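Residue numbers (my numbering), protein chains in the order written: chain B, 196 to 506; chain L, 347 to 631. Below you'll find the structure, written out as structure tokens, and then a few comments.
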Amino acid sequence: MKNPRNSYGEKLIELGKKHLNLVVLDADLSKSTKTIMFAKNYPERFFEMGIAEANMISTAAGLASCGKIVFASTFAVFATGRVYDQIRMDVAYSRANVKIFATHGGISVGKDGASHQMIEDIALMRVLPNMTVLAPSDATQTGKIVELMTENYGPMYARVGRANVPIIYKMEEMENIELGKGIIVEDGSDITLISCGTMVDPVIDAQKRLRKLGIQARVIDMHTIKPLDEKLVIKCAKETGAIITTEEHSIIGGLGSAVAETIAENNLSVKFKRMGIKDIFCESGDPKALLEKYGLNEKHIIKNARDLMKL
Amino acid sequence: MKHYDEKTIRKLEIMAVKIRKHIIEMLYRAESGHPGGSLSAVDAIVALYFAHMNHNPKKPHDPNRDRFILSKGHAAPALYGALAESGYFTVKELKNLRNINCMLQGHPVCLYTPGVEASTGSLGHGLSFANGVALAGKLDKKNYKVYVMLGDGETDEGQIWEAAASISHYKLDNITAFIDRNFLQIDGNTEEVMRLESVRERWNSFGWHVIEIDGHDMVQILEALYEVDNHKKTPSVIILDTIKGKGVSFMENNIDFHGVPPNEVEYNLAMEELDALQKKLEASN
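So, in structure tokens, the structure goes:
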């Protein structure tokens with residue numbers, strides 16, 4: 196188990212040494228987002244923006260216009276919805292080299308309640324031209340994604356959750372990761388389970404159980420939601436004939452929608468199911484209990500897979 | 347104390363009239379746009395581009411350049427006029443304002459137009475953008491200055507005050523904000539729409555060095571810029587007492603010309619007035 200947020204903090208320190216033009220901004224949440232790790236190592240390149248997210252995003256764009264690689268962090272709910280206009284104008288429209296790295300995405304934030312459970316961020320960021328949208332699945336991948344965000348020019352949004360996540364990948368398995376290229380975690384021919392971020396781990400667990408039940412499920416870790424690896428989606432649709440998407444996000448506008456658009460526009464005849472938050476605000480509660488109630492755990496993935504196979 | 351001779355002042359005044367003519371011409375051709383707030387902001391923009399700022403149209407990305415950020419993006423024609431007359435692109439290009447397949451967008455975009463620093467048009471962003479540029483300047487130990495033009499109505503936006511606090515907190519004395527204090531916004535007088543006074547006290551209380559001047563007096567503008575350049579430790583704000591629609595009699599203080607271009611009759615009348623003013627200034631040069 197490791198928290199992706201810690202990978203983010205550690206990687207920023209490493210990258211800060213290599214890239215002297217890397218600067219980091221936070222809005223009074225550096226202890227939670229782990230940007231404090233960078234702040235302690237490079238105090239002159241860390242800018243505390245206070246509880247003023249709009250100012251943080253436009254400031255990030257100003258810094259980027261002077262050749263800085265800028266990471267700006269806060270919780271996903273404040274990093275997107277609160278500052279949509281600033282991201283739209285100053286980051287996306289201006290194609291600024293700003294990397295918005297959000298933590299506490301999804302409902303597994305838990306007890307803080309729906310005010311803090313961001314389930315629309317991927318949709319909001321996906322709709323913006325020029326924006327790359329990322330949701331790494333474990334601590335290893337998060338570190339690598341942060342590296343790719345630094346080394347590739349342009350506006351990018353990445354979100355991780357709050358909780359610790361089991362380690363899925365060994366470091367060497369992430370060596371060839373590319374933005375915009377999904378990862379086949381497990382191969383299978385009966386059905387494809389496409390997921391991102393915090394949902395990849397329960398999907399892998401579900402795949403193991405399904406195998407025992409005689410269903411060979413293919414597992415895709417779609418860490419890049421935009422640009423979507425459409426080739427891979429088409430291939431999976433053709434080869435397995437059934438697709439389930441799983442994300443800790445609204446079923447509207449996120450990974451599920453992106454995959455659905457690809458399926459529809461390519462005239463693919465495939466059984467299809469989106470798993471996610473079904474267009475409602477959730478509530479306070481223990482993360483595990485919330486994921487059970489709102490249908491986002493191993494058990495629900497297995498049920499949906501079996502139901503879809505029966506169609 | 348005077349830092350500029352009469353001849354320089356007169357040249358700048360003539361340039362301001364020229365750019366006012368460009369504004370009228372552009373908006374008439376585009377059949378849309380914002381005359382009032384473009385005309386009120388012209389003089390300070392002319393002082394910056396033609397007397398005060400360190401900039402080179404041949405090197406629009408020079409890392410040491412001074413930056414001007416038009417936060418009130420709807421005054422784009424004033425900025426485009428100054429950029430064209432400076433040589434960032436041809437004066438001929440101004441004819442294409444707001445036309446399809448052209449670089450001069452209705453509101454400024456940094457990606458398309460040389461010399462445009464920030465993409466604006468949604469109000470309240472420019473001061474924060476300047477915050478980033480100024481922080482980078484301090485970090486890189488560069489001496490460039492950052493100038494921002496805000497509309498007075500624009501300071502209704504909450505983000506302006508986030509930025510005002512942040513800039514003051516980081517003691518960014520390399521930032522100078524202008525407030526185009528023309529007292530008019532779309533729905534009426536600024537004090538009736540959403541009270542702004544006391545503008546001076548507000549900015550003062552945020553830790554800014556405040557100067558108030560006649561925003562159409564070139565000497566006062568240049569003196570104020572000289573003063574802020576030598577002011578250290580805190581950011582400065584220059585409140586420009588201006589007239590919306592300045593330079594065209596029937597547009598002055600007339601809110602109907604906030605976002606409505608001149609028709610043919612109005613265009614001819616405005617150009618006549620501005621031509622006469624230009625001739626007068628040239629004769630006294």
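Virtual Cβ for every residue (Gly too), placed ideally from N, Cα, C. Here the structure is a predicted model, which means the values were calculated and not measured.
By the Cβ test, the segment 274-288 of chain B is not in contact with the segment 330-347 of chain B, since fewer than three Cβ pairs between them sit closer than 8 Å. Pairing Ala430(L) with Leu394(L), the inter-Cα distance amounts to about 14 Å. Relative to the Cα of Thr580(L), the nearest Cα in the group Ile506(L), Thr522(L) and Asp389(L) belongs to Thr522(L). Interface flag for Asn359(B) against chain L is unset, since no Cβ pair is found closer than 8 Å. Relative to Glu619(L), the option among Leu481(L), Phe552(L), His577(L) and Phe596(L) whose CA is nearest is Phe596(L). Cα atoms of Gly470(L) and Pro406(L): separation of roughly 24 Å, rounded to the nearest angstrom. Check the Cα spacing between Asp316(B) and each of Leu427(B), Ile246(B), Val428(B) and Ile447(B): the tightest is with Ile447(B). As DSSP reads the structure, Leu329(B) sits in a beta bridge with Ala353(B) and Thr419(B).
Residues of chain B whose Cβ lies closer than 7 Å to the Cβ of Val479(L) are, in chain order, Gly257, Ser260 and Cys261. A Cβ of chain L is located within less than 8 Å of the beta carbon of Arg240(B). Boundaries of the alpha helix (DSSP H) harbouring Asp316(B): Asp316 to Arg321, taken from the DSSP string. Neighbourhood of Ser512(L) in chain B, by CB distance below 8 Å: Met244, Gly245, Ala247, Asn250 and Thr254, in chain order. Taking the C-beta atoms as reference points, Asp389(L) is found no nearer than 8 Å to Met399(L). Its chain contains His214, Asn216, Leu217, Val218, Asn292, Lys294 and Thr345 as the residues whose beta carbon lies nearer than 8 Å to that of Ile264(B), once the 5 sequence neighbours on both sides are disregarded; these appear in chain order. In the three-state DSSP reduction, Phe241(B) falls in the strand class (E or B). Annotation: Cβ neighbours of Leu457(L) in chain B (cutoff 7 Å, chain order): Ser289 and Arg290. Per DSSP, Ser582(L) is one residue of the beta strand (DSSP E) stretching across Ser582 to Asp587. Separation of the CB atoms of Lys197(B) and Val355(B) is rounded to 11 Å, and the pair is thereby denied contact status at 8 Å. Taking 8 Å as the cut-off between beta carbons, the residues of the segment 275-305 of chain B near chain L are Asp280, Gln281, Arg283, Met284, Asp285, Tyr288, Ser289 and Arg290, in sequence order.
DSSP places Arg366(L) in the uninterrupted alpha helix (DSSP H) bounded by Glu352 to Ala376. Under the Cβ criterion of 8 Å, Ser474(L) is counted among the residues facing chain B. Gly392(B): not part of any alpha helix (DSSP H); DSSP gives it neither H nor E.
The beta-carbon of Ala509(L) is placed less than 8 Å from the nearest beta-carbon of chain B. The alpha-carbon of Gly300(B) is positioned some 7 Å away from that of Ile314(B). The secondary-structure analysis by DSSP pairs Gly497(L) across a beta bridge with Asp526(L).
The alpha-carbon separation between Ile391(L) and Ala424(L) amounts to approximately 8 Å. Val395(B) is classed as buried because its beta carbon has at least 16 other beta carbons within 10 Å across all chains shown. Among the residues of chain B, none has a CB under 7 Å from the CB of Ser551(L); the nearest is roughly 17 Å distant. Asn250(B) carries a helical assignment under DSSP once its states are collapsed to helix, strand and coil.
Boundaries of the alpha helix (DSSP H) around Arg200(B): Pro199 to Lys213. Across the segment 350-372 of chain L, no CB contact with chain B closer than 8 Å is found for any residue. Where Ala297(B) is concerned, the enclosing beta strand (DSSP E) starts and stops at Val293 to Thr298.
Under the DSSP assignment, His515(L) falls in the alpha helix (DSSP H) whose first and last residues are Gly504 to His515.
Per the coordinates, the alpha-carbon of Ile446(L) lies some 13 Å from the alpha-carbon of Glu439(L).
Assignment of Arg283(B) by DSSP, reduced to helix, strand and coil, places it in the helix class. Under the 8 Å criterion on CB atoms, Ala482(L) is classed as interfacial with respect to chain B.
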